[in-house]
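A quick write-up on the structure given underneath.
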Amino acid sequence: MLNTKKLGRNLLEFDELGSTNTYLKENSSDLPDGTAVIAKCQTNGKGRLGKVWNAESDMLSMSVLLKALDNPMKVTLMSAIAVTQAIEALYPLKAQIKWTNDIIVNEHKVCGILCESRINGEHPDIVCGIGVNVLTRKAFFEEHNLPYGSSLYILSGKEIPPKEMGEEILNKLEPLLSMSFEEVKEEYKQRCVTLGRAVRAVINNNEVIAKAIDIDDTGRLVCENKSGRFTINAGEVSVRGLYGYI
Ligand code: BTN
3 MLNTKKLGRN LLEFDELGST NTYLKENSSD LPDGTAVIAK CQTNGKGRLG KVWNAESDML
63 SMSVLLKALD NPMKVTLMSA IAVTQAIEAL YPLKAQIKWT NDIIVNEHKV CGILCESRIN
123 GEHPDIVCGI GVNVLTRKAF FEEHNLPYGS SLYILSGKEI PPKEMGEEIL NKLEPLLSMS
183 FEEVKEEYKQ RCVTLGRAVR AVINNNEVIA KAIDIDDTGR LVCENKSGRF TINAGEVSVR
243 GLYGYI
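Residue numbers (our numbering): 3 to 248.
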């Protein structure tokens, strides 16, 4: 549980880092709970499933250190809700979640979240890394062959500085972290584009096709196919829509 320190009160800013997640993991013992790190550029940024997530100054690269939390999975779910709320507070856009934590606007990915943990005593330190395409121009997605990627600038025409986006996310995340997932499950479900869709999940190198039908009380994706019902844990799988990215 976050104590008296406000999230991001200790905000460290760098012109360049390899990865904001790696920085916090390496320095977590010396930094207070709730510390946030923003880097203008990331040269060795990490995405989910071992992918690279490098970033220029037109993107937000931010990580938050959360100590002694009893439920790391909750951070992943709550940070996705926080990003959607922050987007809707700053832009005339509707933001949705592709389970578990890609943020989607108009069927395009505008943000990815990578939560990692570092064992430190009884409870792990959680590092929640958030990368948002804030001011990214069209040419970037074309050059990197990312047809499903877009930015908040492209989708809204609004030029909001990445740091302002980061601060708004911290404002939204703080109250969510003191709530239980059950309290916000309905909001998560309403924002979740994955529900009701056919998904292809790759679990331990095996491809499984099913319909996503629900989110359970711990945030797992409940799916159904001819073999019956089963749940998928975040972090273990890549879930893609059958007819495109979502
Ligand atoms: C994804 O694959 O969708 C997750 C991307 C997470 C990127 C962010 S940027 C800030 C933080 N630092 C990292 O190295 N990765 C995360």
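Every residue gets a Cβ at the ideal spot worked out from N, C-alpha and C, and that includes glycine.
Sequence-distant residues of the same chain with beta carbon closer than 8 Å to residue i, five excluded per side
i    : result
T86  : A97, Q98, I99, I105, R193
R139 : D60, S153, Y155, I156
N235 : R222
A91  : E170, K174
T233 : D218, R222, L223, V224, C225
E145 : none
A141 : none
Nearest residue (CA-CA) to residue i, options the options
i    : options                : result
D17  : V39, N23, L26          : V39
C117 : L68, E185, T196, I211  : L68
N29  : E109, N103, T78, I121  : I121
E161 : G230, K213, Y93        : Y93
G20  : N103, D35, A84, G131   : G131
N227 : N46, R202, T196        : R202
Y25  : D127, E109, R199       : D127
A84  : E15, P177, L71, L14    : P177
M181 : P149, N73, R199        : N73
R242 : A214, T220, S229, I89  : A214
M1   : D35, E209, G198, E189  : As displayed, the chain neither begins before 3 nor continues past 248, which places residue 1 out of reach and without an answer.
V129 : R231, L14, L13, N23    : N23
K42  : P164, D216, E124, G123 : P164
K8   : G198, K27, L137, V66   : V66
K48  : N207, K27, L137        : K27
E166 : V136, H110, V210, G159 : V136
According to DSSP, residues forming a beta bridge with residue i
i    : result
M80  : DSSP, once it has assigned bridges, lists no residue as partnering M80.
T233 : V224
K48  : V54
V85  : Bridge partners of V85: none, in fact.
S63  : A41, G133
L33  : Note: L33 sits in no beta bridge, so no partner.
D216 : V224
P126 : I121
R11  : Answer by DSSP bridge pairing: none, since R11 is not bridged.
Residues near residue i in its chain [Cβ-Cβ closer than 7 Å; skip 5 each side]
i   : result
K76 : F183
Sequence-distant residues of its chain with Cβ nearer than 6 Å to residue i (five each side left out)
i    : result
G10  : A38, L172
N103 : T78, A82, I115
G168 : I40, L62, M64
F143 : G151
Y247 : Y150
K187 : none
W101 : C194, T196, L223
Beta carbon proximity, residue i to chain D, threshold 7 Å
i    : result
S158 : The structure shown has no chain D; it contains just one protein chain.
Residue i: CB within 6 Å of a non-hydrogen atom of the ligand MG
i    : result
L116 : The model on display carries the ligand BTN but not the ligand MG.
Complete beta strand (DSSP E) runs within the region 99-123 (minimum length 3 residues, chain order): With a minimum length of 3 residues, the continuous beta strand (DSSP E) runs that stay inside the region 99-123 are 104-107, 110-122.
Could you give the uninterrupted runs of the alpha helix (DSSP H) lying entirely in the region 173-205, keeping only those of 4 residues or more? Whole alpha helix (DSSP H) segments, 4+ residues: 183-193.
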